[in-house]
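K.L.:
Residue numbers (our numbering): 20 to 329. Yeah, the Cβ is synthetic: ideal placement off N, Cα and C, and Gly gets one too. Submitted below is the structure of interest, expressed as structure tokens.
Structure, rendered in structure tokens:
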């Protein structure tokens, strides 16, 4: 039927592009995917496999159940590429090569990237805080996780696969519904499969049971960027072949400098600054061993020229 011609076109043979050629996408109306006598959910299940539905949710930054027939949805031109081929983050992050795990959230593109020793291993869509309750940017680390958690602010808010990264404001990663734009109360929502993955992948903080002080920080987290609430994001564009934006991993300070300036006042009972963690794994030299590195209060000043993004 003509209604699914765009979908069928994406499945036709293609010329293998160069390695660095960005993937291409089709933007079509959801109603073109609807089958006779089937609702949207049934049509989606008919057209797409589990892996393909996962890719669609990440590309469109929204849960598929939130789509309506008049919405537009992005379809990849090629279905054989794995999820990382569509990542809006660089595959390698040279500054993080000596950091076992690093999580980067870019609010401008509503996506996260997970790195292991500087190599991108996972990415996914997020839904951050709405305009009036923005998710604060900065350097954090994962603190504690709970399979189920009831919000301290509203007993009706149940959060599954919860991983806290800011226990002053109560902000955390957790499973939730994504709408293609920031609508949360400050937390970072993930689609279910990404929330489960992060819950099992991330390292939580270790605490000394006698006095509650931290003896090991959790996985470092960088939250950066600013979502443009005035325009339409690329994944909602009317362009039939949109180009999706990429994360700009060039914060005002370098990655290591940003991590070293973790605001300790946002972490209750924090006894070990993140700079100490970076020193312990050899990511940055100890202050006593290198003259150019100096203490500024409880933080470590890192000269920017030593670290450059590639």
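Hey, could you find the ends of the beta strand (DSSP E) residue 220 is sitting in?
P.N.:
Unbroken run through residue 220 is the alpha helix (DSSP H), 211-220; no beta strand (DSSP E).
K.L.:
Does DSSP classify residue 32 as helix, strand or coil?
P.N.:
In this prediction, residue 32 scores a pLDDT of 34, lower than 50, which makes its location untrustworthy; the coordinate-derived value is nonetheless stated afterwards. Three-state DSSP puts residue 32 in coil, outside helix and strand.
K.L.:
In the DSSP assignment, what residue or residues form a beta bridge with residue 183?
P.N.:
163, 191
K.L.:
With contact counted as at least three CB pairs below 8 Å, one residue from each stretch, are the region 92-108 and the region 43-59 in contact?
P.N.:
yes
K.L.:
Can you list, in chain order, the residues of its chain with a C-beta nearer than 7 Å to that of residue 84? Leave out the 5 residues immediately preceding and following it.
P.N.:
60
K.L.:
Does the separation of the CB atoms of residue 121 and residue 223 fall below 8 Å?
P.N.:
The answer is no: Cβ separation not under 8 Å.
K.L.:
Which of helix, strand or coil does DSSP assign to residue 153?
P.N.:
coil
K.L.:
For a test of your reading of the model: does the CB of residue 90 fall under 7 Å from any non-hydrogen atom of the ligand SAH? Yes or no.
P.N.:
As for the ligand SAH, it is missing from this structure, which has no ligand bound.
K.L.:
What three-state label does DSSP hand residue 72 in the structure shown?
P.N.:
helix
K.L.:
Going along the chain, which residues of its own chain have a beta-carbon closer than 6 Å to the beta-carbon of residue 246, five neighbours each way excluded?
P.N.:
126, 127, 201
K.L.:
Looking only at DSSP bridge pairs, what is residue 135 linked to?
P.N.:
138
K.L.:
Grouping DSSP H, G and I as helix and E and B as strand, with all else coil, what is residue 143?
P.N.:
strand
K.L.:
By DSSP, does residue 250 sit in helix, in strand, or in coil?
P.N.:
coil
K.L.:
Buried or exposed: where does residue 87 fall if 16 or more other Cβ atoms within 10 Å of its Cβ makes it buried?
P.N.:
exposed
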